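Enquirer:
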Amino acid sequence: TFDLVWDGVHKLIEHIAGPNSLQWKTPTDKQPNQFADLQKKEHIHVYHPKQGDHPKHSEFATPFHVDNGVLLIITPVQEHPLQIKTAGGQIINTGDLGEDVVLVLLARALPDWLLAGSRESREFRAAPHAVPTLA
Numbered sequence: 237t238f239d240l241v242w243d244g245v246h247k248l249i250e251h252i253a254g255p256n257s258l259q260w261k262t263p264t265d266k267q268p269n270q271f272a273d274l275q276k277k278e279h280i281h282v283y284h285p286k287q288g289d290h291p292k293h294s295e296f297a298t299p300f301h302v303d304n305g306v307l308l309i310i311t312p313v314q315e316h317p318l319q320i321k322t323a324g325g326q327i328i329n330t331g332d333l334g335e336d337v338v339l340v341l342l343a344r345a346l347p348d349w350l351l352a353g354s355r356e357s358r359e360f361r362a363a364p365h366a367v368p369t370l371a
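Quick note: the sequence shown uses the numbering used here, first residue 237, plus one each step.
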């Protein structure tokens, strides 16, 4: 499922930004790297309260932040919903979404690294999100 989502997402981003805007080279690369070929990182987050914070006194296990990667593909969990802040400041609670939903959140590296300084970078915004405490 995530491979199908990635296939659609990278095509949409390439359509908006233009495929040539999404290429990069390291000092050792002979050919540019393609956005569609980005390495994927699959992992699970475990959230702990900050030192000194008691879970009952903190609203969030992880307060609003943006990720440093290119994007985040995640499935919502109704019992522990992710909260997403829109560009207008509205909070979207994902607890009402079904188990058949996949969320795609843009992260900092797309506009601030890969598209940095380009006209296309203004088309993308990293999505602040938070994880509420279970307590």
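Each residue gets a CB set at the ideal place from its N, CA and C atoms; glycine is no exception. Computed from a predicted model, the values in this text were never measured in an experiment.
From 336, 325, 343, pick the residue whose C-alpha is nearest to that of residue 308; which is it?
Expert: Comparing Cα-Cα distances from residue 308 to each of 336, 325, 343, the minimum goes to 343.
Enquirer: For residue 365, count neighbouring Cβ atoms within 10 angstroms of its own Cβ and tell me buried if that reaches 16, exposed if not.
Expert: Flag for residue 365 reads buried.
Enquirer: If you reduce the DSSP assignment to three classes, tell me which class residue 340 lands in.
Expert: Strand, per DSSP.
Enquirer: Does DSSP put residue 368 in a helix, in a strand, or in coil?
Expert: Looking at residue 368 - three-state DSSP - the assignment turns out to be strand.
Enquirer: Whole angstroms is fine: what's the gap from residue 331's alpha carbon to residue 244's?
Expert: Computed Cα separation, rounded: 24 Å.
Enquirer: Suppose you measure from the CA of residue 250 to the CA of residue 275; what does that come to, to the nearest Å?
Expert: If you take the alpha carbons of residue 250 and residue 275, they lie about 16 Å apart.
Enquirer: Cα separation between residue 300 and residue 367?
Expert: Using only the alpha carbons, I get a separation of about 8 Å.
Enquirer: Which residue wins for smallest C-alpha separation from residue 262, given the options 350, 355, 314, 320?
Expert: The residue with the shortest Cα to Cα distance from residue 262 is 350.
Enquirer: Compare the beta carbon distance of residue 314 and residue 335 with 9 Å and say whether it is the shorter of the two.
Expert: Yes; because the gap between Cβ atoms is below 9 Å, this pair is in contact.
Enquirer: Please report the residue range of the beta strand (DSSP E) in which residue 253 lies.
Expert: No beta strand (DSSP E) holds residue 253; the alpha helix (DSSP H) holding it covers 238-253.
Enquirer: Using DSSP bridges, identify the partner residues of residue 296.
Expert: DSSP output for residue 296 lists 368 as bridge partner(s).
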